[in-house]
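Have a look at the structure below before the remarks.
In this note's numbering, the protein residues as written are 17 to 604.
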């Protein structure tokens, strides 16, 4: 039993430690600003929970206090590039009227930085027709970037897609005269979540500016180990002798037990926990004690049977939520998507048609259209949220300008009110008449047309598959999309990036060959892309935990992977499923 004197002493220790942590954090932020003042390029490498955004905001505050007058007098701007429009809005809310600091996504910034050079743009487009998919008979008089969909308008105005903008910007940077103008206009460029920025753009910044000690000063903020989105070919880690590296080593998110695990996963950037008073738990739960028949299908070989899988996950979740250490706290279960959960969450027919790999990659154009456009538009219309609608459309202009526009959007909202009971084909049909303002990918339009053509007659194999696919009830797409949302009890590891929860249950199961933690993690090879991909996702998943981290592996593992887990979590924290249940029920 702890007495009053002991409690007082513990409180003093915690207070002294907190003061020390705050002092170290302030010193690190002062170092960043000092490097900024020196004019050197720099990279703030901040591990999970290290307060990267806080440091970026400190830099922005310093710029407003110290550089606003001179920058405005010279007509120059500081650009703060962020990964999402939501992040842009957060930074904008801090700036008030400090218009010399411009927060922007990379796409918006690239376009603003080159749109006035129409002659150069058209010249590049015509010289690279294949890259930009321009027909030989197209005569381009003007180029615009509005909805992010490529199309010709009035036969002589080209609308750029999102990818076109970055490719075009990359070409523009090859022009010396443009670079001179660019460097004079934007003397300082800050890039948030730098690791997710398109690699070809970063390469050009390094080649033309950083290597030559000319041009804008660059400040990169991010974490290379949180590079998990591969679709845009991100740059990942930036290491350069002309970029001053500043590591942030304090973890403000997780308990010391979780931080200890993270440090063993990532010994090159050891962290110090800020919350020493938070008592957490880390545990590995193995399912080797299951003695029944396991699955034999190729991608699921040695996986638990479906019902046993569901049962064990549910029991472990219940134990965690009811434990003395976890009551009334947030909880998230992270796992790789597979058919075991599709049955449970009612999107098994969708998964069966797409296949596990395509579904997990979320690359199917119809699925992407529903996820990225239809669902966000449906929610925006339900809430009458014009700003959210503009966000979805990628437009800087209101989508409703007259009574006719209003009536069209109201009609769409009414049609979508019972979308759950409609087929995928019917939902796409609702949007076809809005194609002038809502970009519908060409592949989606193609499938819609094929369905119409062969709806009442036999077609070839491709047509029959499309008919089967578009006949699925839209509710299955909603269920699948919700599965990936951070607010879901279940989530993929990808969907959890940037999130944090008191308790995390990280389930490693069979079903997707793209990630095989047991194969790659023990064999450290920093030159192997598969190793880096697996390492990063494993790190991101484990680092979501604020207090307690539970790792559950549902298939038998070999000694090599066991020894890796032993080195990270400790043998005393590796339990069989039955031992975990018994121990935690007893402790509760």
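Virtual Cβ for every residue (Gly too), placed ideally from N, Cα, C.
Query - Cut-off 8 Å between Cβ atoms - residues of its own chain near residue 385, not counting five sequence neighbours on either side - result: 444, 456, 457, 460
Report task. Measuring alpha carbon to alpha carbon, tell me which of 289, 251, 272 ends up nearest residue 67. Result -> 289
Report task. State the DSSP-derived secondary structure class of residue 540, mapped to helix, strand or coil. Result -> coil
Query raised in the report: Considering only residues of the same chain and omitting the five flanking positions on each side of residue 231, which have a CB-CB separation below 6 Å?
Result: 199, 225
Query - Candidates 453, 201, 575, of which the one nearest residue 116 by Cα - result: 201
Requested in this report: Within its chain, find whatever has a CB closer than 8 Å to the CB of residue 195; leave out the 5 residues flanking it on each side and keep chain order.
Outcome: 189, 224, 225, 231
Query raised in the report: Which stretch, first to last residue, makes up the alpha helix (DSSP H) that contains residue 442?
Result: 440–448
**Report entry** Candidates 493, 463, 489, 488: closest to residue 479 by CA position
**Finding:** 463
Query raised in the report: So residue 436 and residue 491 are in contact, right, with Cβ under 8 Å, and what is the actual spacing, rounded?
Result: 4 Å
Requested in this report: Mind checking which residues open and close the beta strand (DSSP E) that includes residue 349?
Outcome: 347–351
Requested in this report: Quick one: grab the DSSP three-state call for residue 115.
Outcome: coil
Query - Span separating the alpha-carbon of residue 618 from that of residue 239 - result: Here the chain covers residues 17 to 604 and nothing more, so residue 618 does not appear.
Report task. Starting from the C-beta of residue 309, find all residues in its chain whose C-beta is less than 8 Å away, skip the five residues before and the five after it, and write them out in chain order. Result -> 321
**Report entry** DSSP three-state assignment for residue 527, whether helix, strand or coil
**Finding:** coil
**Report entry** Contact belief for residue 304 with residue 525 at Cβ below 8 Å, rounded distance in angstroms
**Finding:** Going by Cβ atoms, the distance from residue 304 to residue 525 rounds to 14 Å, so no, they are not a contact pair.
Query raised in the report: Is there contact here, the region 260–270 with the region 124–137, by at least three beta-carbon pairs under 8 Å?
Result: no
Query raised in the report: Nearest-angstrom Cα distance between residue 118 and residue 403?
Result: 19 Å
Query raised in the report: Does the region 128–145 come close enough to the region 102–112 to have 3 or more Cβ pairs within less than 8 Å?
Result: no
Report task. Take residue 546 as the anchor and find which of 465, 555, 532 has the nearest alpha-carbon. Result -> 532
Query raised in the report: Within 10 angstroms of its Cβ, does residue 511 collect 16 or more other Cβ (buried), or is it exposed?
Result: Residue placement at residue 511 cannot be trusted, given a pLDDT of 47 that sits under 50; the coordinates are not used to answer.
Query raised in the report: For the region 267–287 against the region 550–559, are there 3 or more C-beta pairs whose distance is under 8 Å?
Result: yes
Report task. Please list, in chain order, all residues of the same chain as residue 3 whose beta carbon is under 6 Å from its beta carbon, the five residues on each side excluded. Result -> Residue numbering for the chain in the displayed model covers 17 to 604; residue 3 lies beyond these limits and cannot be assessed.
**Report entry** residue 255, DSSP secondary structure in three states
**Finding:** coil
Report task. Provide the residue span of the alpha helix (DSSP H) that contains residue 554, from first to last. Result -> 545–558
Query raised in the report: Taking just the CA atoms, how far does residue 276 sit from residue 162?
Result: 47 Å
Query raised in the report: Based on Cα-Cα distance, which residue from 237, 317, 339 lies nearest to residue 598?
Result: 339
**Report entry** Min CB distance residue 346 to chain B below 8 Å
**Finding:** Of the protein chains in this structure there is only one, and it is not chain B.
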